[in-house]
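Numbered per UniProt numbering, the first sequence finishes at 217, counting up by one with no gaps.
I have placed the structure first, in the form of structure tokens, so that the comments after it can refer back to it.
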Amino acid sequence: MCGRFTLITDLQTIAEIFGVPATLEAQPRYNIAPSQEVVAILHEGQRQMAWLRWGLIPSWAREEAIGNRMINARAETLAEKPSFKRLLRSRRCLVVADGFYEWQQTNGSKKPMYITLRDGSPFAFAGLWDQWSAADGRLLRTCTIVTTEPNELLATIHNRMPVILPREDCERWLDPTVQEAEALLPLLRPYPAAEMQARPVSRLVNDPRNEGAALLA
DNA sequence: CCAGACGTTGTT
DNA sequence: GTCTGG
DNA sequence: CCAGACGTTGTT
DNA sequence: GTCTGG
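What follows is the structure, given as structure tokens:
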């Protein structure tokens, strides 16, 4: 699955890579956790960068707390689940990252591993987003990250992995004229293991209050 | 028709 | 909002 | 994902 | 055990 990730690359570079205006600013982040704001790219009128809160609150939800659990969406059932079907058609997004953490369970203990592309370049998770109006009038934009079965590398660590979209697939995922599940679901596959790498990192990363480059030691 | 759920993960 | 179950 | 709380009453 | 918060 995916429950924690990094975005260290500056957003000017991110903007250039994904072909959008650099409208956001942020410090490097080494421990992005659910319920926090993440950098996303979506197509609303035009392609743009946006802050979205990680943890989907569907527009019909009564309680904000639902978002604490909806941090992932299974690719295998995306087109059937009431919560996601509508979003697959019209509310797709990219969630920008340059690495993510998975906890490997080995004889009773959990070891955090840090997974990146081999060349260290930033990448995009496939995501869905929605808007939710709170009773007090706040309008929240939230998102969820799509997961799938693991590739050969991730299978040694965990039984799920986030969907990473190759650059060319990002175009189709964001294209608002594409709405058929048949055209979208084939994009949601495990990223090639040969292009990824994983290494153990400090258990400091366990606590989402810990931040900074020391986590990667 | 209305009522009620709507999610993932991991663990048992 | 949309789907399932009764 | 992990960490940390998990309750009520009454009083301030 | 289960839920909430980050």
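Cβ coordinates follow ideal geometry from the N, Cα and C atoms, glycine included.
All values reported here derive from a predicted model rather than from experimental measurement.
Around the beta carbon of L139, a 10 Å sphere encloses fewer than 16 other beta carbons of the protein chains shown; the residue is thus reported as exposed. Its Cα nearest to that of Q12, the residue L24 stands out among I57, L24, C2, L128. Shortest Cα-Cα distance from L88 to any of T77, A40, S35, D98 involves T77. Beta-bridge analysis with DSSP links D130 to T142. Under the three-state reduction of DSSP, T147 is assigned to strand.
For R172, the uninterrupted alpha helix (DSSP H) segment begins and ends at 167-174. As for any beta strand (DSSP E) of minimum length 3 sitting wholly inside the segment 8-81, the runs are 29-32, 37-44, 46-54, 72-74, ordered along the chain. For V163, the secondary structure class from DSSP, reduced to helix, strand or coil, is coil.
Its chain contains A75, L78, A79 as the residues whose beta carbon lies nearer than 8 Å to that of L185, once the 5 sequence neighbours on both sides are disregarded; these appear in chain order. In terms of Cα proximity to L128, the closest of V39, A65, G212 is V39. Cβ neighbours of L165 within its own chain (closer than 6 Å, five residues either side excluded): A124, A126, W173. Contact between F18 and C170 holds, since their C-beta atoms are separated by about 7 Å, short of 8 Å. The three-state secondary structure of V95, taken from DSSP, is strand.
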